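K.L.:
Protein chains in written order, with my numbering: chain A, 49 to 269; chain B, 49 to 269.
Dropping the structure here:
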């Protein structure tokens, strides 16, 4: 019985991965770069997306955002839309992560042709999103310093599958007991050499280096 | 097909609820009070448990803790054990929530007889734990002010099933844009009259009122 159950799970995962590959092909066909932004609730995913939009709009980068939300509220989508970028919202209906099918359906609703950069905001969760590839070029985690320095040790799976780590809310470091060395030691164990950008979306500190990295990834059309 | 699938899901939920009832009976048989503590990663669940332990040890309250962790690390369990209270750790093996069966197995490992208060620390997640009753007397959520004031609107399900809300890290309020009125309006919509305690586990502010409420719930033996 156990063996049979494992086989079914594998089959579901493969269906997701196959659809993720289709998503990637659709994004690459229009020469866009794409990122999947994951984090705990309240780590600053939307603030990070908006800070990125505000910086790149001046550079004439055409952006689109897919917003994943577990509840049918448009708080984040409204903020992104107000920043001047087209946004498609996925309501997961209580589900705890995005999957490749949801993103595929969202891509159907977007005008992909002009896109240079697609940002996908996943559901706020450090566990479940780690198991589902969406087809984006990079998986990005926003760790937030008020969450504490032990998170890589406690939520290892999400750290293992990352291309980029953002450490947000560094403006709060003076008011917290956050041991950066201990945090980074945990990250290094799970994902050696992981590209890391400490930032504050509130003050703008550190965003320049992230934007430099991102701009180098966006294909020239 | 859809109808059949819904029936299976209902059956699983009922199995969990039935086992939750068994857990409750086991806890009540020894005249203990029990709480299920849920929160985002890093909201301060373990700090809150330890602050509660430190206050109640002097009052000769016999406590026990069940620690839910998605990874096999003993960071939180070590802290609770160091505080002088017996702890049983549940490694969920990547699972994103505790369920009644896991708690039932943990109860088998505990010396229940002397217990006055059982505290269960759920996995750090604002979505999945909301769907699984554990059999405890109260479901408690720790919301943390750095997470932002929009969380009730975005993660409504977990707020609907609460008996108590703790608002933690209020010492950070001067450094954050957190609109307490907007936050509490969201909570009130979902769970009118919800018992709420704003606290700082770091400074101890507000803990007295929580402890007063809790002590009144613990049965006299």
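C-beta: ideal position from N, C-alpha, C; glycine also.
Predicted model, so just to flag it, every value in this text is computed and none were measured.
Taking Cβ to Cβ, would you say residue 168/A is nearer than 8 Å to residue 182/A?
P.N.:
yes
K.L.:
Looking at the structure shown, is residue 150/A part of a helix, part of a strand, or coil, going by DSSP?
P.N.:
Correct three-state label for residue 150/A: helix.
K.L.:
Find the nearest neighbour of residue 185/A within the set 62/A, 228/A, 73/A, judged by alpha-carbon distance.
P.N.:
73/A
K.L.:
When the Cβ atoms of the region 192-212 of chain B are set against those of the region 105-115 of chain B, are three or more pairs found closer than 8 Å?
P.N.:
no
K.L.:
Please name the residue or residues paired with residue 116/A in a DSSP beta bridge.
P.N.:
138/A
K.L.:
Can you find a CB in chain B that lies within less than 8 Å of the CB of residue 125/A?
P.N.:
no
K.L.:
What does a CB cutoff of less than 8 Å around residue 92/A pick up in its chain, not counting 5 residues either side in sequence?
P.N.:
190, 192, 216, 217, 249
K.L.:
Which ranges would you report for the beta strand (DSSP E) in the region 176-205 of chain A if only whole runs of at least 3 residues count?
P.N.:
186-192
K.L.:
Under 8 Å, do residue 133/A and residue 101/A count as touching if we go by C-beta distance?
P.N.:
yes
K.L.:
Would you kindly report the start and end of the unbroken beta strand (DSSP E) that includes residue 212/A?
P.N.:
It spans 212-216 - the beta strand (DSSP E) in which residue 212/A sits, taken as one unbroken run.
K.L.:
Tell me which residues of the region 196-213 of chain A have at least one Cβ-Cβ distance to chain B shorter than 9 Å, keeping chain order.
P.N.:
196, 198, 199, 201, 202, 203, 204, 205
K.L.:
Listing by chain order, which chain B residues have their CB less than 7 Å from the CB of residue 121/A?
P.N.:
201, 202
K.L.:
Could you work out which residues of chain B lie near residue 174/A, taking near to mean beta carbons separated by less than 8 Å?
P.N.:
89, 172, 173
K.L.:
Would you mind telling me which residues of chain A sit closer than 9 Å to residue 192/B, beta carbon to beta carbon, in chain order?
P.N.:
90, 194, 195
K.L.:
Ends of the beta strand (DSSP E) at residue 266/A?
P.N.:
Looking at the DSSP string, residue 266/A is not in any beta strand (DSSP E), and its letter there is neither H nor E.
K.L.:
Check whether the region 148-157 of chain B and the region 249-269 of chain A are in contact - that is, three or more C-beta pairs closer than 8 Å.
P.N.:
Short answer: they don't touch.
K.L.:
Alpha carbon to alpha carbon, what distance is there between residue 179/B and residue 49/A?
P.N.:
At residue 49/A, the pLDDT of 45 sits below 50, so the modelled position is not reliable and the matter cannot be decided from this model.
K.L.:
Quick one, which residues of the region 138-150 of chain A are near chain B if we go by CB-CB under 7 Å, in chain order?
P.N.:
Result list: 142, 144.
K.L.:
Of the residues that make up the region 222-246 of chain A, which ones have a beta carbon closer than 7 Å to any beta carbon in chain B?
P.N.:
223
K.L.:
So, is residue 45/B buried or exposed, given that buried needs 16 or more other C-beta atoms within 10 angstroms?
P.N.:
Since the first residue shown for chain B is 49 and the last is 269, residue 45/B is missing from the structure and cannot be characterised.
K.L.:
Give me the Cα-Cα distance between residue 202/B and residue 234/A, rounded to the nearest whole angstrom.
P.N.:
30 Å
K.L.:
Which residues of chain B have a Cβ atom closer than 8 Å to the Cβ of residue 217/A, listed in chain order?
P.N.:
194
K.L.:
Measure from the alpha carbon of residue 139/A to the alpha carbon of each residue in 125/A, 229/A, 163/A, then state which is nearest.
P.N.:
125/A
K.L.:
Could one say the Cβ of residue 117/B lies closer than 8 Å to chain A's Cβ atoms, at least one of them?
P.N.:
yes
K.L.:
With a CB to CB cut of under 7 Å and the five nearest residues on each side skipped, what residues in its chain are close to residue 242/B?
P.N.:
For residue 242/B, where only same-chain residues beyond five positions count, the Cβ hits under 7 Å are 210, 213, 235.
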